[in-house]
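Take a look at the structure set out below.
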Amino acid sequence: MSNLLTVSEITKIYESGKRKVVGVKNINFCVNKGHFISIIGPSGCGKSTLLRCIAGFEKTNNGKISLNGRPVTKPGPDRFMIFQGLDQLFPWLTLKENIVFAMRVVDKGRENFNKKAEAYLELVGLEGFGGFHPYQLSGGMKQRASIARALSVRPKLLLMDEPFGSLDAFSRRAIHQMFLKVWQKTGVTVVFVTHDIEEAIDLSDKILVFSQGKLKGSIENPLSRPREKDIPAYRSFLLKVSDFLDEECDGCLRLEEPSTVGAKLAF
Amino acid sequence: MFCFKKQRVYAVLLVVILFTTIFSGCSRKDMGEAQVMAEEKEKLSTIRVAKQFGLVYAPLMVAEKIDFFSKYGLKVEWLTLGSGGTVREAMAANELDVAFMGIPPYLIGWDKGLPAKIAAGYCVTPVSLVAYDENIKTIQDFKPEHKIAVPSPGSIQHILLSMALKKRVGDPNALDDNLVALPHPDGAQAMLAKKDVVAHFTTPPYLFEEMEQPGYKVVLDGFDAFGQDFNFNVSIVTQSYHDNNPQGYAAFVQGLNEAMNWVNEHKEETAELLAPEFKIEKEKLLKYLTAEGVNYTTAPYGLMGFADFMKEAGYIFRVPERLSDIAWENILAQVGKREGGSCTLEKIQWSK
Amino acid sequence: MRDFLWKIAFILVAAIIWELIRLAGGYPKLLFPGVGSIAIALWTERLDIISKTLFSLKIIGMGLIVAIVLAMLGTFISISGKFFAEIVTDLMAIMHPLPGIAILPVAILWFGIGIKAILFVIVFSAVWPLINHFYTGFRSIPVNQLEVGRNLGLAGWELAMKVMLPASFPHILSGLRTGWARAWQASVAAELVFGAAGGQGGLGWYLYKKRFMMETPGVFAGMLIIVLIGIAVEYLIFAGVEKRTVRKWKTIIS
Numbered sequence: 001m002s003n004l005l006t007v008s009e010i011t012k013i014y015e016s017g018k019r020k021v022v023g024v025k026n027i028n029f030c031v032n033k034g035h036f037i038s039i040i041g042p043s044g045c046g047k048s049t050l051l052r053c054i055a056g057f058e059k060t061n062n063g064k065i066s067l068n069g070r071p072v073t074k075p076g077p078d079r080f081m082i083f084q085g086l087d088q089l090f091p092w093l094t095l096k097e098n099i100v101f102a103m104r105v106v107d108k109g110r111e112n113f114n115k116k117a118e119a120y121l122e123l124v125g126l127e128g129f130g131g132f133h134p135y136q137l138s139g140g141m142k143q144r145a146s147i148a149r150a151l152s153v154r155p156k157l158l159l160m161d162e163p164f165g166s167l168d169a170f171s172r173r174a175i176h177q178m179f180l181k182v183w184q185k186t187g188v189t190v191v192f193v194t195h196d197i198e199e200a201i202d203l204s205d206k207i208l209v210f211s212q213g214k215l216k217g218s219i220e221n222p223l224s225r226p227r228e229k230d231i232p233a234y235r236s237f238l239l240k241v242s243d244f245l246d247e248e249c250d251g252c253l254r255l256e257e258p259s260t261v262g263a264k265l266a267f
Numbered sequence: 268m269f270c271f272k273k274q275r276v277y278a279v280l281l282v283v284i285l286f287t288t289i290f291s292g293c294s295r296k297d298m299g300e301a302q303v304m305a306e307e308k309e310k311l312s313t314i315r316v317a318k319q320f321g322l323v324y325a326p327l328m329v330a331e332k333i334d335f336f337s338k339y340g341l342k343v344e345w346l347t348l349g350s351g352g353t354v355r356e357a358m359a360a361n362e363l364d365v366a367f368m369g370i371p372p373y374l375i376g377w378d379k380g381l382p383a384k385i386a387a388g389y390c391v392t393p394v395s396l397v398a399y400d401e402n403i404k405t406i407q408d409f410k411p412e413h414k415i416a417v418p419s420p421g422s423i424q425h426i427l428l429s430m431a432l433k434k435r436v437g438d439p440n441a442l443d444d445n446l447v448a449l450p451h452p453d454g455a456q457a458m459l460a461k462k463d464v465v466a467h468f469t470t471p472p473y474l475f476e477e478m479e480q481p482g483y484k485v486v487l488d489g490f491d492a493f494g495q496d497f498n499f500n501v502s503i504v505t506q507s508y509h510d511n512n513p514q515g516y517a518a519f520v521q522g523l524n525e526a527m528n529w530v531n532e533h534k535e536e537t538a539e540l541l542a543p544e545f546k547i548e549k550e551k552l553l554k555y556l557t558a559e560g561v562n563y564t565t566a567p568y569g570l571m572g573f574a575d576f577m578k579e580a581g582y583i584f585r586v587p588e589r590l591s592d593i594a595w596e597n598i599l600a601q602v603g604k605r606e607g608g609s610c611t612l613e614k615i616q617w618s619k
Numbered sequence: 620m621r622d623f624l625w626k627i628a629f630i631l632v633a634a635i636i637w638e639l640i641r642l643a644g645g646y647p648k649l650l651f652p653g654v655g656s657i658a659i660a661l662w663t664e665r666l667d668i669i670s671k672t673l674f675s676l677k678i679i680g681m682g683l684i685v686a687i688v689l690a691m692l693g694t695f696i697s698i699s700g701k702f703f704a705e706i707v708t709d710l711m712a713i714m715h716p717l718p719g720i721a722i723l724p725v726a727i728l729w730f731g732i733g734i735k736a737i738l739f740v741i742v743f744s745a746v747w748p749l750i751n752h753f754y755t756g757f758r759s760i761p762v763n764q765l766e767v768g769r770n771l772g773l774a775g776w777e778l779a780m781k782v783m784l785p786a787s788f789p790h791i792l793s794g795l796r797t798g799w800a801r802a803w804q805a806s807v808a809a810e811l812v813f814g815a816a817g818g819q820g821g822l823g824w825y826l827y828k829k830r831f832m833m834e835t836p837g838v839f840a841g842m843l844i845i846v847l848i849g850i851a852v853e854y855l856i857f858a859g860v861e862k863r864t865v866r867k868w869k870t871i872i873s
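Spelled out as structure tokens, the structure:
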């Protein structure tokens with residue numbers, strides 16, 4: 001199994017005036033190609049910060065992030081981010097145009113954008129919605145379209161920052177099933193940030209637990225796919241992760257990292 | 268079709284009501300006769316005069332300073348207004364009884380029905396087109412890129428230039444695209460800075476100031492363009508003031524005569540009195556007041572001379588048939604009416 | 620369109636009221652010209668009015684283009700750093716309340732009398748509201764949309780043109796509206812105050828000339844044209860653009 005993402009000794013400190021706030025400190029981990037990794041932890045534990053560092057939106061103070069052996073210095077389409085906010089689609093474009101826009105920017109030489117855009121919309125279950133503008137869609141549909149757009153530029157790594165956090169329980173369940181299918185079909189590597197333990201267990205191969213800007217542990221998911229919730233193995237794993245979290249994050253509530261406040265506004 | 272929303276209908280009604288009340292409030296017809304009479308009577312002792320500034324207005328400024336009017340029981344309300352256009356508009360709106368303006372601007376107003384006539388001539392003074400470009404010696408030498416400053420369209424300077432152009436080039440509008448409307452001080456400033464304009468049609472003291480500069484020369488003399496002397500300004504009085512306040516009218520004309528005469532007999536005192544107003548030295552002002560061609564007089568000169576040309580060139584649509592169309596009886600009496608052919612005074616009301 | 624028809628109907632009603640008041644009050648033509656004489660002035664002067672209108676539109680168009688380019692540059696500079704942002708916002712606070720016409724004397728000193736001075740007044744009048752709206756627009760772009768753009772590899776000019784511009788379009792549109800209105804007012808005001816140079820002039824100069832010739836119906840005809848152009852630009856251009864863009868995208872609350 002090859003090693004796609006390597007994060008070594010990453011430290012990020014935010015400075016606001018004279019105050020220094022630790023975002024993340026001395027983080028080390030690797031993600032194998034094709035794997036689905038979740039990062040969980042309470043709000044403000046640094047998980048979003050780490051994701052933004054990997055995406056290249058934030059400069060790190062120390063350490064190294066590399067993708068396929070090449071260091072990450074700035075944002076690029078090989079690591080595509082999907083946000084929690086429902087406003088990440090461009091409102092002046094239709095769904096299809098949103099996807100074509102992304103493909104055109106990234107891959108200038110390619111052709112058949114329209115056909116490919118339709119294929120990606122079909123992949124996320126939005127066939128027939130290509131001509132709709134974002135305001136005409138539900139929250140779940142918007143996030144599906146964002147996933148389609150992200151996949152259309154064929155990233156090596158999908159970075160997902162609580163992408164389903166603004167959705168209701170029904171939409172969430174449906175989008176989970178859809179996304180797992182898409183993941184298996186495309187073989188894309190995923191780093192998924194959430195504070196929902198069940199979501200992490202349902203979706204990922206491995207769970208990284210964050211607290212107070214530090215990586216507290218890494219738990220392999222023993223459950224086989226497709227995952228059933230009403231089996232004892234699921235319940236015992238859920239218990240194990242919760243206990244671990246309780247132990248590590250006891251009374252560790254902190255302020256949100258300043259940089260992600262804007263991005264997290266739910267609409 | 269579109270529907271008339273209720274609120275909009277109300278809004279329109281409101282506007283209608285407002286309009287009607289405002290304008291009917293202004294309408295004098297609605298006032299009782301007695302009220303009008305009382306108002307006119309009260310006005311007897313006052314007259315509203317537009318105050319103007321410039322060397323040519325020296326008698327007016329003296330009249331204000333020394334007050335030649337109160338001994339005739341007349342109280343003058345001096346109003347400071349902007350341009351000549353504003354003065355005419357104020358007269359049309361009956362906000363002003365007396366104003367001083369060039370004969371052409373008056374004729375433009377008269378043509379449009381401004382209810383006012385000439386009560387006095389007001390000075391004869393040089394008006395000339397000055398240029399500094401050595402290649403410009405006559406009005407035929409202007410090229411399309413040369414800009415000529417005149418105070419405003421329809422001003423005496425503009426009409427004089429058109430008259431000269433018609434005589435010499437055949438087309439009164441030949442230089443219309445070269446004209447720039449600039450008030451006298453701005454025009455003089457542009458001339459002295461040799462910026463933007465190459466020529467300026469102006470009057471004293473700007474004319475004298477420009478002529479003091481080396482290389483500045485007169486390209487066109489106003490008297491040449493007109494053919495003889497003419498009043499630079501005339502004093503006009505509205506029909507309603509003239510008819511309703513005969514005493515006030517007579518007092519104003521006589522006061523003006525006195526002031527005019529006082530200036531002629533006391534040029535040094537005038538210079539002393541007005542030097543601070545003009546913010547120049549007394550000696551310089553005296554020089555200007557006594558310069559050749561300056562004539563402080565209330566006699567009428569060339570009153571009828573502009574009309575024919577102005578009609579022909581399209582500035583006005585009708586011409587006064589006789590002097591009484593544009594002048595009050597004191598002027599008519601001065602000019603007289605010689606049996607068996609015009610006398611000199613009658614002749615000089617027309618241009619040659 | 621219904622609104623447009625409503626405006627026309629309103630003008631007709633106003634004309635009737637006008638005429639009624641004039642007849643009832645017995646006002647002289649000099650102060651209160653009849654609708655008929657205004658119509659006659661419009662017809663007999665049509666060629667002059669058309670050429671003056673075209674000149675006005677040309678000079679305003681030129682001024683607006685310059686102002687838009689300057690405003691874009693100013694906005695890009697001000698979003699590229701906190702230091703510049705402060706300079707631009709301070710400048711805006713000082714300059715924005717200053718009516719364009721107030722700088723006419725300075726414009727004449729710097730550019731002389733002529734088109735350049737009027738252009739300067741137009742540009743000055745339009746540029747501050749434009750910067751104000753553009754800046755607000757750029758500042759209110761959703762962070763996620765900007766980051767999607769950056770994620771795709773866009774930066775600098777490309778990011779600005781492809782993402783920031785359309786994302787802030789509602790603000791840009793209202794900026795253009797204000798800019799147009801102020802440019803239009805400035806051109807008329809500047810010409811009214813200072814006339815025109817060398818036979819070239821727009822509707823302001825037309826009003827100025829008619830006023831000095833005491834042709835009151837002509838003055839009203841010129842004012843009517845100014846109003847009609849204002850309405851036409853609003854309804855035929857801005858409302859149309861708005862319908863095809865921000866209203867279609869629902870990026871403004873209608």
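Chains as they are written, first to last, in our numbering: chain A, 1 to 267; chain B, 268 to 619; chain C, 620 to 873. Note that beta-carbon positions come from the ideal geometry of N, C-alpha and C, so glycine has one too.
Per-residue DSSP class, three states only, for residue i
i	result
G292 (chain B)	Confidence at G292 (chain B) is low in this model, with a pLDDT of 46, below 50, so its placement is unreliable and the value that follows should be read with caution. Three-state DSSP puts G292 (chain B) in a helix.
E257 (chain A)	With a pLDDT of 42 at E257 (chain A), under the threshold of 50, the modelled position of this residue cannot be trusted, and the question is left open.
P836 (chain C)	helix
M268 (chain B)	With a pLDDT of 38 at M268 (chain B), under the threshold of 50, the predicted position of this residue should be treated as unreliable, though the coordinate-derived value follows. Reduced to three states, the DSSP call for M268 (chain B) is coil.
R19 (chain A)	strand
G63 (chain A)	strand
Q819 (chain C)	strand
V865 (chain C)	helix
L5 (chain A)	strand
N751 (chain C)	helix
Interface residues of chain C facing residue i [CB-CB closer than 9 angstroms]
i	result
Q143 (chain A)	Here the premise fails: no neighbours, minimum Cβ distance about 12 angstroms.
G352 (chain B)	Y827, R830, F831 and M833
W92 (chain A)	P785, A786, F788, T864, V865, K867, W868 and T870
Residues that DSSP places opposite residue i in a beta bridge
i	result
R315 (chain B)	B:E344
V501 (chain B)	B:M368 and B:G388
R79 (chain A)	A:L157
S395 (chain B)	B:T469 and B:D488
R70 (chain A)	A:L67
Interface residues of chain B facing residue i [CB-CB closer than 9 angstroms]
i	result
G733 (chain C)	K414, V447 and D463
Under 7 angstroms from the C-beta of residue i: neighbouring residues of chain C
i	result
A102 (chain A)	L771
I375 (chain B)	M832 and M833
P439 (chain B)	None at all; the shortest Cβ gap to chain C is about 14 angstroms.
Within 8 angstroms, strictly: CB atoms of residue i and residue j
i	j	result
A119 (chain A)	R149 (chain A)	no
S507 (chain B)	F367 (chain B)	no
G130 (chain A)	L95 (chain A)	yes
L159 (chain A)	L67 (chain A)	no
E810 (chain C)	W799 (chain C)	no
Under 7 angstroms from the C-beta of residue i: neighbouring residues of chain B
i	result
L631 (chain C)	Within 7 angstroms Cβ-Cβ: nothing; L631 (chain C) doesn't reach chain B, min ~11 angstroms.
L650 (chain C)	A359 and A360
Contact list for residue i against chain A, beta-carbon separation under 8 angstroms
i	result
P761 (chain C)	G85, D87 and Q88
Near the ligand NAD: residue i beta-carbon under 7 angstroms from a heavy atom
i	result
W729 (chain C)	By its list of ligands, the structure shown contains no ligand whatsoever, and the ligand NAD lies outside what it can speak to.
To be precise: take each residue of the region 764 to 785 of chain C, compare its Cβ to all Cβ atoms of chain A, and keep it if any distance is under 9 angstroms. Which residues remain? Answer in chain order: Q764, E766, V767, G768, R769, N770, L771, G772, L773, A774, E777, K781, V782 and P785.
Please list, in chain order, the residues of the region 664 to 679 of chain C that have any C-beta partner in chain B closer than 9 angstroms. Residues of the region 664 to 679 of chain C whose Cβ lies closer than 9 angstroms to any Cβ of chain B: none.
When Cβ atoms are compared, which residues of the region 322 to 356 of chain B fall closer than 7 angstroms to chain C? Residues passing the 7 angstroms Cβ filter: G352 and R355.
Taking beta-carbon pairs under 9 angstroms, can you tell me which members of the region 363 to 389 of chain B lie near chain C? Listed by position along the chain: P372, I375, G376, D378, K379, G380, L381 and P382.
Give me the subset of the region 404 to 428 of chain B whose CB atoms are less than 7 angstroms from a CB atom of chain C, sorted by chain position. Along the region 404 to 428 of chain B, going in chain order, the ones with a CB nearer than 7 angstroms to a CB of chain C are K414, S419, P420 and G421.
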